[in-house]
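Numbering (the numbering used here), first residue to last: 107 to 296.
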Amino acid sequence: MGYKHLTPLLASNDMLACGEDLGMIPDSVPEVMQELQVLSLEIERMPKQANVEFADLTQIPYLSVCTTSTHDMATIRIWWEEDKEKTQRYFNKVLGMQGEAPQTCTEDLCEKIILRHLSSPAMLTILPLQDWLSIDEHIRRENAEMERINIPANPHHYWSYRMHINIEDLIENEKLNRKIKNLIIESKRI
Numbered sequence: 107m108g109y110k111h112l113t114p115l116l117a118s119n120d121m122l123a124c125g126e127d128l129g130m131i132p133d134s135v136p137e138v139m140q141e142l143q144v145l146s147l148e149i150e151r152m153p154k155q156a157n158v159e160f161a162d163l164t165q166i167p168y169l170s171v172c173t174t175s176t177h178d179m180a181t182i183r184i185w186w187e188e189d190k191e192k193t194q195r196y197f198n199k200v201l202g203m204q205g206e207a208p209q210t211c212t213e214d215l216c217e218k219i220i221l222r223h224l225s226s227p228a229m230l231t232i233l234p235l236q237d238w239l240s241i242d243e244h245i246r247r248e249n250a251e252m253e254r255i256n257i258p259a260n261p262h263h264y265w266s267y268r269m270h271i272n273i274e275d276l277i278e279n280e281k282l283n284r285k286i287k288n289l290i291i292e293s294k295r296i
């Protein structure tokens, strides 16, 4: 069924397609996507392997988009504060840090997490603006909850996020732009 509908759609244009293949999907979806070269969506905290807490970003496929979250998920900073035990395991096992995880995700930790995603073998790494802004404590919102775009389970919280900085101010922010450029260079994406 997937071939029947996707093949003419993909053949009708030159766009690169990405499939949202998270959660419970039919067993045939990964095979169809691979055959049609539709990029998968890879999120470290939503591993596709059973009994795995965090996806191994070094093992995700080239034909994929790697991201820290989607519009329906918590940003890095919100996620960090949601489940202290899980955050502690991530801090120690994934980031390889010693001791107790900080209560909030510092700009340095946000940089480490973003660099991990950028360094993945995925064809594309596309990150939410809020996660990019998290690497600068002077720019990111003071209250991380204000970064949330959508909570699907809450009908009263939908698509309420608004960028709190003028785009012109972001363009002129040399510190943030230098940090972003250095992360992209360090990950060998340019």
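Where is the CB? At the ideal position from N, CA and C, for every residue including glycine.
Counting C-beta atoms within 10 angstroms of its own C-beta, residue 238 has 16 or more neighbours from the protein chains shown and is therefore classed as buried.
In this structure, the CA atom of residue 294 is about 8 Å from the CA atom of residue 224. Per DSSP, the continuous alpha helix (DSSP H) segment holding residue 193 begins and ends at 190-195. Remark: fewer than three beta-carbon pairs, one from each stretch, lie closer than 8 Å, so the region 187-198 and the region 163-174 are not flagged as touching. Distance from the CA of residue 217 to the CA of residue 111, rounded to the nearest whole angstrom, comes to 40 Å. Around the beta carbon of residue 139, a 10 Å sphere encloses 16 or more other beta carbons of the protein chains shown; the residue is thus reported as buried. A straight-line Cα-Cα distance of about 14 Å links residue 247 and residue 276. As the crow flies, the alpha-carbon of residue 229 is around 11 Å from that of residue 147. Contact check for residue 159 and residue 183: beta-carbon distance about 19 Å, past the 8 Å limit, so the pair fails to qualify.
With contacts defined by Cβ atoms closer than 8 Å, residue 178 and residue 258 form a contacting pair. In this structure, the CA atom of residue 219 is about 10 Å from the CA atom of residue 241.
Remark: C-beta atoms of residue 291 and residue 271 do not approach each other more closely than 8 Å.
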